[in-house]
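Everything in the sequence shown is counted per my numbering, starting at 14 for the first residue and increasing by one.
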Amino acid sequence: MKALQQFFYLLGFLFISRLLTVLLHIPVPSTIVAMLLLLAMLELGIVKAHWFEEIQKFLLQHILLFLIPVALSFVGVLHLLQDTWLRLLVIIIVSSTVTFVVTAKTIDRMIGKENKHVRSDTVD
């Protein structure tokens, strides 16, 4: 029951973001606006992360089910990509590598700052 309530909270963020994108003519997908809105609310302390623990676990456990329709629709348009498949493959590999490296460096920095902060607390 708790996961269902958390799911409706997420749908609320999506609904609000959809209204914002339509009314304000924001040229960004409403799902992106919803994520940014949720991030802002989390950072401001208006919303707590633990409010979404149950639904987050459920969605992560079933993420492959959400990817099946995308994969099937991709197979349906595969013939359109015959001329550009090599370029697409290079773009996918390069962008994935860049994303991986930037994420790893960001996490390293965050852990370094956290360790530095912990060490300075123990010295005092």
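Note that the Cβ used here is the ideal one computed from N, Cα and C, for glycine as well.
Check	Outcome
From R100 to I29, what distance separates their C-alpha atoms?	38 Å
Mind checking whether F65 and Y22 have CB atoms under 8 Å apart?	yes
Mapping the DSSP letters down to three states, classify G58 as helix, strand or coil.	coil
Output the boundary residues of the alpha helix (DSSP H) element that contains P82.	76-89
Report back the beta-carbon spacing between M54 and V60 to the nearest angstrom; my notes put them in contact at under 8 Å.	4 Å
With a Cβ-Cβ cutoff of 8 Å, do I68 and A16 count as a contact?	yes
By Cβ distance, which residues of its chain are closer than 6 Å to L51, with the 5 residues on each side in sequence left out?	F26
Under 8 Å, do L32 and I39 count as touching if we go by C-beta distance?	no
Where does D121 fall in DSSP's three states?	helix
Helix, strand or coil, according to DSSP, for Q19 in the structure here?	helix
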